[in-house]
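>
Number of protein chains: 2
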Amino acid sequence: MTAFSWTLDARDGNARAGTFTTPHGKLSTPVFAPVGTQATVKSLTPAQVEELGAQMVLANTYHLFLRPGEELVAGLGGLHNFMRWNKPILTDSGGFQVFSLTQTRKIDEDGVSFKSHIDGSIKRLSPETSIQVQEKLGADIIMAFDECAVPTDYDYSRLAMRRTHAWARRCLEAKTRGDQALFGIVQGGVFSDLRAESAREISAMGFPGHAIGGLSVGESKADMYRTIAEVNSILPEDKPRYLMGVGTPEDLIEGVRRGVDIFDCVLPTRLARHNSAMTMRGRLNLMNASFARDERPIDSGCGCYTCQQFSRAYLRHLVNAKEMLAATLLSIHNLYTLVHLAETMRAAILESNFEQFARVTLAQLQSKE
Amino acid sequence: MTAFSWTLDARDGNARAGTFTTPHGKLSTPVFAPVGTQATVKSLTPAQVEELGAQMVLANTYHLFLRPGEELVAGLGGLHNFMRWNKPILTDSGGFQVFSLTQTRKIDEDGVSFKSHIDGSIKRLSPETSIQVQEKLGADIIMAFDECAVPTDYDYSRLAMRRTHAWARRCLEAKTRGDQALFGIVQGGVFSDLRAESAREISAMGFPGHAIGGLSVGESKADMYRTIAEVNSILPEDKPRYLMGVGTPEDLIEGVRRGVDIFDCVLPTRLARHNSAMTMRGRLNLMNASFARDERPIDSGCGCYTCQQFSRAYLRHLVNAKEMLAATLLSIHNLYTLVHLAETMRAAILESNFEQFARVTLAQLQSKE
């Protein structure tokens, strides 16, 4: 594991600024990672993803396992070379997607069988095969195969948590590559006792980083923020913490406030494909006729390519005319917004000004233009 | 018309290298202009269009007249500012699209009434309104409102040609702006006598540039090439010549060979959206399973971003997974192929080597890898 190191550059309250060194370069945290589900951040070239400031992208093991298959990606030099992203990549384990197939998957102690959404064939992932697939894909950070339960069902959350712990140990055993950092995942729904048990158990296994799974899947914001705080009070300080699948500006701020270092989410690119722009003053739907002659950029304070160049009127025209460029320009803006927010939080932490920044920014997010 | 000037830099046989100066910069010809129908080259940012080497883009008056409307574009500073393209823009007259609506348009001597493809409302374009719309849009080069007939129907071709001449005079009279170059359009189908009559009449009207319309619409290649040669033997040397809507590598070479300076076509971006790559050795369909593990770029001799970065295997994966990035990367490649071919032809003309280049390149286009 010598390829990886974690340095805590500064603390401000529970907020942390850190540096995670990987074989493909350093991550300055807090960091937001765009999602490139099928080895592409939808509608963007890698050059555009880099230009908007992304330090890392995430790819989904479930999707790449099914298509084009991990052997094919490995034969083409691994994910970095395949998708031409030469900075850090994180792959999830496939667990989250597989467990989302509630009608067509069958869980046993060894793993999960499920029906492919592409051709209906029966496939199987287990802790061992998830690690094998992720080793073939070759990301810098890989994830343990976990079970994500319905967060408000105590008995199922306990069962899933314990299976997650057993599977985490099997993932550690299955791992063969030395140039990938395997992160363990804390589960336990919204239940304080389960989350504490899980944070302790997972922490004890010696992973080089930890993730908080099973949040932002339907529970209340209050439950989510409380759970993050509880888990991070137990996870060791000297390893990075990744809050999986979380990606509104509010949630990034509340997450960093409670000690999270790494975030990812499909939300910015998904909203973009649905004509919606994220801003630090709420969302704009560019389909809205009120923007037809609006010469202003989406956000006059934003430094992204889209806001530097294009009016709301032009974006509204692209949306209205169903032009693909709308998704591209809105994706650039939405991703920049979160990537830049993470950078700004890092600067505030380094200046011991995080709480002030968080209060002002959260208040601003409630306002509307 | 002082904003425009045409310099013939070199001649090699009938092939010409020229420079057309416009208010938004110089065009070095031969030149291929990507089409941005609705004020966007589909799936590409202006930065990507500029990076692939495009000197000019075309936008369609028919589409912009219907949506978002020329008044809205004018209110936002004109097309250049609206779509953020700071180099030359050419708009067509709307004629070609209107006459393509064969079931829902009605022609009279004054103009054409037609049904909008967007909301079914009845709209009208005439020589005067086409010029008014194009003046509001504000392109550098604008086109006379012409009638494009079925090229193999003699009587209709003669009728449409004569109407085109009358309308060309009305366009000249309707024009009020001094910073736009209005090009006249030669019609006459595939009939030598009509084309000669049209070339003489249009040439006599004093336009700063001329276009050959009504080709590549179903006639044979032999008829098309013969017609280009006949028309260009009459059009004056001291003004640029634009072959409308033509865009295969073969047709660019055969056009330049016969004295054409400017080309545009939707083909490269349309093929891209249908998974097809244009190369100087024919087309590749990236859906083809034979590319699944092919590490090579589309064209190992190509200098575009797509070929510099991505394997056929990755592109095939994007196509197979229906990812938008496929259209973007194939559009970059296809447009670069034609833009670069035009540049290469210009260099060959300047070196008095055009015929040799044309023979070798046309032979290569017949070969398959």
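Protein chains in written order, with the numbering used here: chain A, 36 to 404; chain B, 36 to 404. Even glycine gets a Cβ: it sits at the ideal position worked out from N, Cα and C. Because the structure is a prediction, the values reported are computed rather than measured.
When DSSP labels each residue in this structure, what does V252(A) get in the three-state scheme?
coil
> Hey, which unbroken runs of the beta strand (DSSP E) at 3 residues or more fall wholly within the stretch 337–397 of chain A?
Secondary structure remark: continuous beta strand (DSSP E) runs of at least 3 residues inside the stretch 337–397 of chain A: none found.
> Considering only the beta carbon of each residue, do L87(B) and L370(B) sit closer than 7 Å?
yes
> Going by CA-CA distance only, name the one from L207(B), F134(B), N121(B) that's closest to P162(B).
L207(B)
> Starting from the beta carbon of L111(A), find every residue of chain B whose beta carbon is closer than 8 Å, and list them in chain order.
R328, E330, S346, A348, Y349
> Count the other CB atoms, across all protein chains shown, that sit within 10 Å of the CB of L385(B); report buried if there are 16 or more and exposed otherwise.
exposed
> Run through chain D and tell me which residues come within less than 9 Å of R381(B), C-beta to C-beta.
Here the protein chains are A and B, and chain D is not one of them.
> Are there any heavy atoms of the ligand MG lying less than 6 Å away from the beta-carbon of A50(A), as far as the coordinates show?
The model depicted lacks the ligand MG and carries no ligand whatsoever.
> Rounded to a whole number of angstroms, what is the C-alpha to C-alpha distance between A246(A) and I220(A)?
5 Å
> Identify whether M36(A) lies in helix, strand or coil by the three-state DSSP scheme.
Confidence is the limiting factor: at M36(A) the pLDDT is only 46, short of 50, which leaves the residue's position unreliable, though a coordinate-based value still follows. Note: M36(A) maps to coil in three-state DSSP.
> So, does the CB of P69(B) fall closer than 7 Å to a CB anywhere in chain A?
no
> When you compare the CB positions of K150(B) and T137(B), do they come within less than 7 Å of one another, or not?
The answer is no: Cβ separation not under 7 Å.
> Exposed or buried, which one is M36(A) when buried takes at least 16 other CB atoms within 10 Å?
Here M36(A) scores only 46 on pLDDT, less than 50, and its place in the model should not be relied on; the value that follows carries that caveat. With fewer than 16 other Cβ atoms within 10 Å, it is exposed.
> Could you give the distance in angstroms between the alpha-carbon of A324(A) and the alpha-carbon of A264(A)?
42 Å
> Against chain A, with Cβ distances strictly below 7 Å, would R305(B) count as a contact?
no
> Note down the Cα distance separating V395(A) from G317(A), rounded to an integer number of angstroms.
Using only the alpha carbons, I get a separation of about 14 Å.
> Since N355(B) meets chain A, which of its residues come closer than 8 Å, beta carbon to beta carbon?
R102, P103
> May I have the straight-line CA-CA distance separating N49(B) from E358(B), to the nearest angstrom?
The straight-line gap from Cα to Cα measures roughly 44 Å.
> Listing by chain order, which chain A residues have their CB less than 8 Å from the CB of T119(B)?
Per the sequence shown, the amino acid found at residue 119(B) is Arg instead of Thr. Correct list: Q344, F345, Y349.
> Would T64(A) count as contacting chain B if we go by Cβ distances under 7 Å?
no
> Check each candidate in H352(B), T164(B), A257(B) and name the one with the smallest Cα separation from R293(B).
A257(B)
> Assess, as a yes-or-no matter, whether the stretch 127–134 of chain B is touched by the stretch 97–117 of chain B under the definition of 3 or more beta carbon pairs within less than 8 Å.
yes
> Could you work out which residues of chain B lie near T75(A), taking near to mean beta carbons separated by less than 7 Å?
Identification of chain B residues near T75(A) by a Cβ-Cβ cut-off of 7 Å yields L353, E358, L360, ordered along the chain.
> When DSSP labels each residue in this structure, what does T199(A) get in the three-state scheme?
DSSP places T199(A) in helix when its eight states are reduced to three.
> Report yes or no: is there a C-beta of chain A within less than 7 Å of the C-beta of S78(B)?
yes
> Using the three-state DSSP reduction, which class does N406(B) fall into: helix, strand or coil?
Any answer about residue 406(B) is impossible in this case: the structure gives chain B only from 36 up to 404.
> L107(B) versus chain A: which residues are under 9 Å apart at the beta carbon?
Result: A327, R328, A348, H352.
> From the DSSP output, which residues share a beta bridge with A216(A)?
I176(A)
> So L114(B) packs on G173(B), CB below 8 Å; how close in whole Å?
Right, their Cβ atoms sit about 5 Å apart.
> Got a sec? Which residues, its chain only, sit under 6 Å from I166(B) by beta carbon, not counting five neighbours each side?
Cβ neighbours of I166(B) beyond the five flanking positions: C206, A209, K210.
> So G130(A) is in the alpha helix (DSSP H); what residue range does that whole segment cover?
130–135
> Touch check for the stretch 330–337 of chain B and the stretch 361–376 of chain B: three-plus C-beta pairs under 8 Å?
Touching, per the Cβ criterion.
> Identify every residue that forms a DSSP beta bridge with S78(B).
Partner(s): none; S78(B) has no beta bridge.
> Does any residue of chain A have a CB that is nearer than 7 Å to the CB of T42(B)?
no
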